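Protein chains in written order, with the UniProt record's numbering: chain X, 1 to 231; chain B, 1 to 231.
First comes the structure, then the notes that go with it.
Number of protein chains: 2
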Amino acid sequence: MDGMTQDISTKDQRPYHHGDLHRTIVEAALDVLSESQSTEFSLRELARRAGVSHNAPYKHFTDKRELLGAVSAVGFELLAKRMAEATRELDSPRERLAAMASAYVCGGVNNPALYRLMFGGYLAGQDDGRPAIERTAAYNMKALVVEAISDGALGRPIADTEANTRTIDGAILVFWSQMHGLTLLLADRLVGPGDKTKELTANVLQGMLDGLVNSIPAVPEGVWVGPPLAG
Amino acid sequence: MDGMTQDISTKDQRPYHHGDLHRTIVEAALDVLSESQSTEFSLRELARRAGVSHNAPYKHFTDKRELLGAVSAVGFELLAKRMAEATRELDSPRERLAAMASAYVCGGVNNPALYRLMFGGYLAGQDDGRPAIERTAAYNMKALVVEAISDGALGRPIADTEANTRTIDGAILVFWSQMHGLTLLLADRLVGPGDKTKELTANVLQGMLDGLVNSIPAVPEGVWVGPPLAG
DNA sequence: CGAGATATGTTGACATTGTCCACTCTAGCA
DNA sequence: TGCTAGAGTGGACAATGTCAACATATCTCG
Numbered sequence: 001m002d003g004m005t006q007d008i009s010t011k012d013q014r015p016y017h018h019g020d021l022h023r024t025i026v027e028a029a030l031d032v033l034s035e036s037q038s039t040e041f042s043l044r045e046l047a048r049r050a051g052v053s054h055n056a057p058y059k060h061f062t063d064k065r066e067l068l069g070a071v072s073a074v075g076f077e078l079l080a081k082r083m084a085e086a087t088r089e090l091d092s093p094r095e096r097l098a099a100m101a102s103a104y105v106c107g108g109v110n111n112p113a114l115y116r117l118m119f120g121g122y123l124a125g126q127d128d129g130r131p132a133i134e135r136t137a138a139y140n141m142k143a144l145v146v147e148a149i150s151d152g153a154l155g156r157p158i159a160d161t162e163a164n165t166r167t168i169d170g171a172i173l174v175f176w177s178q179m180h181g182l183t184l185l186l187a188d189r190l191v192g193p194g195d196k197t198k199e200l201t202a203n204v205l206q207g208m209l210d211g212l213v214n215s216i217p218a219v220p221e222g223v224w225v226g227p228p229l230a231g
Numbered sequence: 001m002d003g004m005t006q007d008i009s010t011k012d013q014r015p016y017h018h019g020d021l022h023r024t025i026v027e028a029a030l031d032v033l034s035e036s037q038s039t040e041f042s043l044r045e046l047a048r049r050a051g052v053s054h055n056a057p058y059k060h061f062t063d064k065r066e067l068l069g070a071v072s073a074v075g076f077e078l079l080a081k082r083m084a085e086a087t088r089e090l091d092s093p094r095e096r097l098a099a100m101a102s103a104y105v106c107g108g109v110n111n112p113a114l115y116r117l118m119f120g121g122y123l124a125g126q127d128d129g130r131p132a133i134e135r136t137a138a139y140n141m142k143a144l145v146v147e148a149i150s151d152g153a154l155g156r157p158i159a160d161t162e163a164n165t166r167t168i169d170g171a172i173l174v175f176w177s178q179m180h181g182l183t184l185l186l187a188d189r190l191v192g193p194g195d196k197t198k199e200l201t202a203n204v205l206q207g208m209l210d211g212l213v214n215s216i217p218a219v220p221e222g223v224w225v226g227p228p229l230a231g
C-alpha cells in the first residue's frame, strides 16, 4: 500500500496541468537567452526544460516571435526597475540622471543578447509593431529621464509642459542615442574592456550633459523620441 | 539535329563549375538580407538562387556563420566607401566629419539588417572573434575620422601622435557611440520618422561637436576604441 | 600529352526545428 | 453528474544545417 501510493506520488508528481506554464516558459527562455547569448534557441528546448511536451508552449504563445516579445517585455521591466532603484537616495537631479544612465548601460552590457532583443528590431516587422507592454515599459523609462530633466538635471529646471516638448525630446534624443550607442559598442566589444564600463559611461555622460547644459539641439516638428504611439 | 544541339546548349548552358560561386553567394546573401531584413534566410535558398545544389556553398564557406562574416565585411567596405566619397569636394575638416557622420547614419538606416549584422555581435562568439577583413574595414573607417580630427575638425588640429592617442580615442568614443546609437534608434524606429534622418543627424552632430570643442572626455588607460587588435 | 591530384558540384542522408492536426486529460460549471 | 473548454500529448510534415560519399572539371607535373 505504502509502496503503491509512493509510486504514484513520485511518478505522478507532475500533474497533467502544469499550473503556470506561461511564466515557466518565459523564465526558461530568459535563462537560455542569458546563457547562450543568442535568440536561436528552440521552443522545443524550452519545453524540455519545463518538462512538458514539445507542443505545450503553443497553448500559450502562437509563435516563437510572440514568446520573444514576452521575453523582451520582461527585459524592459527589469531595466526600468534597475534604473529606478539606482536613483534611490540620490537628490541631485544630475546625479539621478547619471545613475540612471549607468544602470542602463550596465544592464545592457551584462546581458547583450537580451538588450539586443529588446532594441534590435527582431520584432520590427513592418506590419504589427511591438507588443503594447513593450511600449509601455519604454515609456516608463522615458518618463524617468524626463523627470530628471524637468527637475533640473541640465542646469535649469525644464518643466514637462507641452511648450517644452521639443526641447526635452531634443535632450533625450542626445542622451538616449549616446547611451544606446555606448551600450552596444561595449556589448559588442568594439570598445572595451568591459570592466571599464562604469568609468567610460561616467566620462562620456559628463561631457554630454555639459554640452546639453550649454545648448540643446532642436528637434524638427513631427519627430518622435521613443516608440511611436500609433501602431 | 538542330533540336538536339539546341537542347544541349540551352540545358547545359551552365557549366559544371560555376566560375565564381563565392562572390555569387555573397551577393545573393546581400540581396536576400536587404530584401527580407533578416539574417534568418537559408543557405539552401541562396544555393537555389545561384542555381546550384544545396551543398555547393559549403565548398566556399564552412558555415553559415562564415558566410555572414563575409557579408558583414562587404558591408563595412561599402560603408567606408560611402563615407570616403561623402567627403569629396569638402575642405573644412568639420564639414568633412559631418559629411562622414551623415553618410554613416544614412547607410545604417537604409539597410538596418546589414548594419545590425555588422555591429550586432552575431559573430561575437567568445572564441574566435571577427574575421580579419572586418577588423581592417573598421579600422579604415576609424582612420577617416582620425584624419578629420587631426586636421582640426574639433576646432584645433590634434596631431595623430602617440601622445594624443587618449584624447583622440576619447573624441572618437563620443562621436562613434553617438552616431551608432542614433543610427540604431532610427533603424529600429524608436526615433523617427525616417525622412528626418539627415536633419536629426546634423542637429545632434553639431551639438556634439560643439561639446567636444570645449572638452574631450578622458579615456582611461587600457581602453580600446575599435575592434581589439589581438584576437 | 596524359594521368593523378585538387577544387568544385551533386546526391543522399540525418537529426533538429517550427508548426499543424487530431487526440486526451482534467478542472470547473450546469 | 456529466459536459465543455482549456491545457497537454503524440504524430506528422516540410525545411534547414550539416555530414559523407560520389562525380566532374581543371591544374599540375612527369
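All C-beta atoms in this analysis are idealised placements derived from N, C-alpha and C, irrespective of residue type, glycine included.
Remember, it's a predicted structure, so these values are computed and weren't measured experimentally.
From the listed residues B/Arg135, B/Asp169, B/Pro131, B/Glu134, the smallest Cα separation to glutamate 147 of chain B is found for B/Asp169.
Contact annotation: in the stretch 193–225 of chain B, residues whose CB is within less than 8 Å of a CB in chain X are Pro193, Lys196, Glu199, Leu200, Asn203, Val204, Gln206, Gly207, Met208, Asp210, Gly211, Leu212, Asn214, Ser215, Ile216, Pro217, Ala218, Val219, Pro220, Gly222, Val223, Trp224, Val225.
Taking leucine 123 of chain B as the centre and dropping the five residues before and after it, the same chain places the C-beta of Gly69, Arg130 closer than 6 Å to its C-beta, in chain order. Assignment of glycine 222 of chain X by DSSP, reduced to helix, strand and coil, places it in the coil class. Counting along the chain, isoleucine 172 of chain B sits inside the alpha helix (DSSP H) bounded by residues 165–187. Residue contact with chain X for arginine 116 of chain B: present (Cβ-Cβ distance below 8 Å to some residue of chain X). When beta bridges are read from the DSSP output, valine 191 of chain X appears opposite B/Val225. Among the residues of chain X, those whose CB is under 8 Å from the CB of aspartate 188 of chain B are Phe119, Gly120, Gly121, Ala124, following chain order. When C-beta atoms of the stretch 104–115 of chain B are compared with those of the stretch 50–65 of chain B, fewer than three pairs fall below 8 Å, so the two segments do not count as touching. Separation of the CB atoms of serine 150 of chain X and alanine 159 of chain X is rounded to 6 Å, and the pair is thereby assigned contact status at 8 Å.
DSSP, read as helix, strand or coil, puts aspartate 31 of chain X in helix.
Sequence-ordered contacts of the UniProt domain "HTH tetR-type" (19–79) of chain X with chain B are nonexistent [C-beta pairs closer than 7 Å]. Separation of glutamate 77 of chain X and serine 53 of chain B (C-alpha to C-alpha, rounded to the nearest whole angstrom) is 47 Å. Per DSSP, reduced to three states, the secondary structure at proline 157 of chain X is coil, with no helix or strand assignment. For the pair valine 71 of chain B and methionine 83 of chain B, the Cα-to-Cα distance works out to about 18 Å. Of the residues X/Arg44, X/Ile172, X/Ala56, the one whose Cα lies closest to the Cα of histidine 17 of chain X is X/Ala56. Arginine 23 of chain B and alanine 29 of chain B have their C-alpha atoms roughly 10 Å apart.
Counting along the chain, leucine 123 of chain B sits inside no alpha helix (DSSP H), nor does DSSP assign it H or E at all. Remark: C-beta atoms of proline 220 of chain B and lysine 196 of chain X approach each other more closely than 8 Å. Selection B/Val74, B/Leu21, B/Asn203 evaluated against arginine 49 of chain B yields B/Leu21 as nearest (Cα-Cα). Sequence-distant partners of leucine 79 of chain B (beyond 5 residues in either direction) whose C-beta falls short of 6 Å from its own C-beta, in its chain, are Gly107. Among the residues of chain B, those whose CB is under 7 Å from the CB of proline 227 of chain X are Leu190, following chain order. Using a 10 angstroms sphere on the CB of serine 34 of chain X, the tally of other CB atoms stays under 16, which defines it as exposed. In the three-state reduction of the DSSP assignment, serine 102 of chain X falls in the helix class, which pools H, G and I.
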